[in-house]
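Participant: Keeping their order, the protein sequence lines are chains Z and H.
The letter at position 14 of the first sequence is residue 13 when you use numbering that gives the first Met the number 0, and the numbering goes up by one with no holes.
The letter at position 119 of the second sequence is residue 118 when you use numbering that gives the first Met the number 0, and the numbering goes up by one with no holes.
Here a beta-carbon is modelled for each residue, glycine too, at the ideal position from N, C-alpha and C.
Number of protein chains: 2
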Amino acid sequence: MNLSIGDLARRTGVKVPTIRYYENIGLMPETGRTEGQQRRYDRPAIARLAFIRHARELGFEVDAIRTLLSLQDDPEQPCARADEIAKARLREVKQRIASLNALKKELEKMVEECACGRVGECRVIETLADRSHGHGRLAEAAAR
Amino acid sequence: MNLSIGDLARRTGVKVPTIRYYENIGLMPETGRTEGQQRRYDRPAIARLAFIRHARELGFEVDAIRTLLSLQDDPEQPCARADEIAKARLREVKQRIASLNALKKELEKMVEECACGRVGECRVIETLADRSHGHGRLAEAAAR
DNA sequence: TGTAATCTCTCTAGCGACTAGAGGTTCAAG
DNA sequence: CTTGAACCTCTAGTCGCTAGAGAGATTACA
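Right under this line is the structure:
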């Protein structure tokens with residue numbers, strides 16, 4: 000086990016520059032180097048990076064991952080904190096799904112009603128131009 | 000009708016710096032100024048900004064909004080292009096909802112199974128550490 | 001051992017859509 | 001005419017990467 004950064008990238012599915020980025024921001028620890036200053040990784044590095052990757056896929060922010068990693072490093076701690084982080088993320092996801100569903104409805108209405116003639120009578124444009132919207136109802140879903 | 004930027008902000012729900020930003024990137028046209036170089040807006044400016052705001056709420060990118068605005072300015076054009084943009088956005092939203100639902104399921108499983116003892120046997124941490132994940136299945140949903 | 005191909009290194013800048021702050025000017029009410 | 005809120009421009013920061021330049025290291029094969 001003496002993997003180059005490229006090897007590690009292939010094994011975890013995390014891109015090479017991203018691995019270096021994670022080291023920069025302190026998510027991955029500094030690692031051993033060859034004489035020529037190239038990074039070399041071992042088994043625990045794979046595990047740690049896979050953990051990070053999975054957490055990112057679940058949408059956890061880097062700060063949350065930092066906390067989760069430090070919890071993992073100390074198995075005697077109570078896991079209430081980890082549970083809390085996961086629950087917070089779950090709430091976010093649910094909220095986001097709800098917002099997106101509202102948004103989907105409005106988009107569907109727009110698209111269905113479009114007779115596809117001239118722009119002058121296009122429902123898509125009309126709906127957007129319609130100023131009878133309260134401020135902020137859909138705002139949360141807009142973020143990508 | 001001779002609104003200051005603050006008035007315009009209050010009427011549309013778009014923040015003052017954001018309005019200036021929209022002018023910078025060419026979404027809002029340059030507008031008249033007082034002798035002291037303060038911006039003044041009229042009715043069409045309100046309408047245009049409201050259009051932009053609503054489109055942003057629906058998650059359209061600035062580039063798409065640029066196109067939609069230019070279509071709106073010319074009512075004789077066919078509205079197929081507008082329809083297409085809206086449909087593309089709808090596809091994105093549906094895709095995103097699907098990804099988020101997958102994500103929600105996994106998070107729920109994690110949270111439910113957590114017995115909330117020591118980190119050593121915490122399902123949240125364990126699930127994240129579990130390396131038996133194919134690369135990239137959930138990746139799309141991770142973006143916020 | 002030579003050499004070519006492929007990594008890898010550091011560093012800086014860019015993405016999108018804003019947001020925050022510094023430091024200074026103008027406007028409107030009293 | 002003074003005060004204080006609102007306005008101005010400009011730069012830099014947010015998040016989580018990603019791209020590119022220009023240079024050095026490593027490896028496979030002849």
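(1) Leaving out the 5 sequence neighbours to the left and right, which residues in its chain are closer than 8 Å to Cys113 (chain H) when beta-carbon positions are compared?
(2) Just to confirm the assignment, what range does the alpha helix (DSSP H) spanning Glu111 (chain Z) have?
(3) Could you list the residues in the region 23-46 of chain H with a C-beta less than 8 Å from some C-beta on chain Z, going in chain order?
(4) Consult DSSP for Leu2 (chain Z) and reduce its assignment to one of helix, strand or coil.
(5) Is there a C-beta anywhere in chain H that falls below 8 Å from the one on Gln76 (chain Z)?
(6) On the premise that Arg42 (chain Z) lies in contact with Val13 (chain Z), defined as a C-beta separation below 8 Å, what is that separation, rounded to the nearest angstrom?
(7) Is the Cβ of Arg65 (chain H) closer than 8 Å to any Cβ of chain Z?
(8) Are any of the Cβ atoms in chain Z nearer than 8 Å to that of Asp73 (chain H)?
(9) Would you say Gly12 (chain Z) faces chain H, with C-beta separation under 8 Å as the test?
(10) At 9 Å on the CB atoms, spell out the chain Z contacts of Val15 (chain H), in chain order.
(11) Compile a chain-ordered list of the residues in the region 94-111 of chain Z whose CB is closer than 7 Å to at least one CB of chain H.
(12) How would you write the range of the alpha helix (DSSP H) that His134 (chain Z) sits in, first residue to last?
(13) If you measure from the beta carbon of Arg143 (chain Z) to each beta carbon in chain H, is any gap under 8 Å?
(14) Got a sec, what are the start and stop residues for the alpha helix (DSSP H) Tyr21 (chain Z) sits in?
(15) Taking only beta-carbon positions, decide if Val61 (chain Z) is within less than 8 Å of chain H.
(16) Using a Cβ cut-off of 8 Å (strictly closer), state whether Ala87 (chain Z) contacts chain H.
(17) If we define contact as Cβ-Cβ less than 8 Å, is Ile124 (chain Z) a contact residue for chain H?
(18) So which residues of chain Z does Gly119 (chain H) contact, with C-beta pairs closer than 8 Å?
(19) Based on DSSP bridge pairs, tell me the residues matched to Arg38 (chain Z).
(20) What separation, rounded to the nearest whole angstrom, lies between the Cα atoms of Ile45 (chain Z) and Glu60 (chain H)?
(21) Between the region 96-104 of chain Z and the region 88-95 of chain H, do three or more beta carbon pairs fall short of 8 Å?
(22) Taking the C-alpha atoms as reference points, what is the distance between Lys86 (chain H) and Thr126 (chain Z)?
(23) Note down the Cα distance separating Tyr40 (chain Z) from Ile4 (chain Z), rounded to an integer number of angstroms.
(24) Using a Cβ-Cβ distance under 8 Å, would Leu7 (chain H) count as near chain Z?
(25) Report the neighbours of Leu127 (chain H) on chain Z: residues whose CB is nearer than 7 Å to its CB, in chain order.
Facilitator: Here's the rundown:
(1) Taking the first residue of the second sequence as 1, we reach residue 113 (chain H) at position 114. Cys121, Arg122 and Val123, listed in sequence order.
(2) Start at 1 with the first residue of the first sequence, and residue 111 (chain Z) comes out as number 112. DSSP places Glu111 (chain Z) inside the alpha helix (DSSP H), whose first and last residues are Ala79 to Glu112.
(3) Flagged, chain order: Ile45 and Ala46.
(4) On the first sequence, position 3 is the one that residue 2 (chain Z) refers to. In this structure, DSSP gives Leu2 (chain Z) an extended state, which the three-state scheme calls strand.
(5) Within the first sequence, numbered from 1, the residue matching residue 76 (chain Z) stands at position 77. Chain H contact via Cβ: present.
(6) Working through the first sequence from its first residue, we reach residue 13 (chain Z) at position 14. Working through the first sequence from its first residue, we reach residue 42 (chain Z) at position 43. About 16 Å; that fails the 8 Å criterion.
(7) Taking the first residue of the second sequence as position 1, residue 65 (chain H) is located at position 66. Closer than 8 Å: no.
(8) Within the second sequence, residue 73 (chain H) is the residue found at index 74, counting from 1. Answer yes: the Cβ-Cβ gap between Asp73 (chain H) and chain Z drops below 8 Å somewhere.
(9) Taking the first sequence and counting its residues from 1, the one referred to as residue 12 (chain Z) is at position 13. So yes, Gly12 (chain Z) belongs to the interface.
(10) Looking up residue 15 (chain H) in the second sequence gives position 16. For Val15 (chain H), there are no C-beta contacts with chain Z under 9 Å, since the nearest C-beta of that chain is about 14 Å from it.
(11) The region 94-111 of chain Z vs chain H, Cβ under 7 Å: Arg95, Ile96, Leu99, Asn100, Leu102, Lys103, Glu105, Leu106, Glu107, Met109 and Val110.
(12) On the first sequence, residue 134 (chain Z) is found 135 positions in, with the first residue counted as 1. Per DSSP, His134 (chain Z) belongs to no alpha helix (DSSP H) and is neither H nor E.
(13) Counted from its first residue, the first sequence places residue 143 (chain Z) at position 144. Here Arg143 (chain Z) scores only 49 on pLDDT, less than 50, and its place in the model should not be relied on; the value that follows carries that caveat. Yes, Arg143 (chain Z) counts as interfacial toward chain H.
(14) Numbered from its first residue, the first sequence carries residue 21 (chain Z) at position 22. That run of the alpha helix (DSSP H) goes Val15 to Asn23.
(15) For the purposes of this step, residue 61 (chain Z) is taken as the residue at position 62 of the first sequence. Residue contact check for Val61 (chain Z) against chain H: no CB pair falls below 8 Å.
(16) Reading the first sequence from its first residue, position 88 is the one you call residue 87 (chain Z). Chain H, which has no Cβ nearer than 8 Å to the Cβ of Ala87 (chain Z), makes this no.
(17) Translated into positions along the first sequence, residue 124 (chain Z) becomes position 125. At least one CB of chain H lies nearer than 8 Å to the CB of Ile124 (chain Z).
(18) Position 120 of the second sequence, counted from the first residue, corresponds to residue 119 (chain H). Going along chain Z in sequence order, the residues near Gly119 (chain H) (Cβ under 8 Å) are Pro74 and Glu75.
(19) The residue you call residue 38 (chain Z) lines up with position 39 of the first sequence. The partner list for Arg38 (chain Z) (beta bridge, DSSP) reads Z:Arg32.
(20) Position 46 of the first sequence, counting from 1, holds the residue named residue 45 (chain Z). Position 61 of the second sequence, counting from 1, holds the residue named residue 60 (chain H). About 37 Å.
(21) With the cut-off at 8 Å, the region 96-104 of chain Z and the region 88-95 of chain H touch.
(22) Position 87 of the second sequence, counted from the start, is the residue given in the question as residue 86 (chain H). Position 127 of the first sequence, counted from the start, is the residue given in the question as residue 126 (chain Z). One Cα belongs to Lys86 (chain H), the other to Thr126 (chain Z), and the distance between them is close to 14 Å.
(23) The residue labelled residue 40 (chain Z) in the question sits at position 41 within the first sequence. The residue labelled residue 4 (chain Z) in the question sits at position 5 within the first sequence. Rounded to whole angstroms, Tyr40 (chain Z) to Ile4 (chain Z) spans 7 Å at the Cα level.
(24) Taking the second sequence and counting its residues from 1, the one referred to as residue 7 (chain H) is at position 8. The beta carbon of Leu7 (chain H) does not come within 8 Å of any beta carbon belonging to chain Z, so the residue lies off that interface.
(25) Numbered from 1 along the second sequence, position 128 holds the residue referred to as residue 127 (chain H). Against chain Z, a Cβ distance below 7 Å from Leu127 (chain H) picks out Phe50, His53, Ala54 and Leu67.
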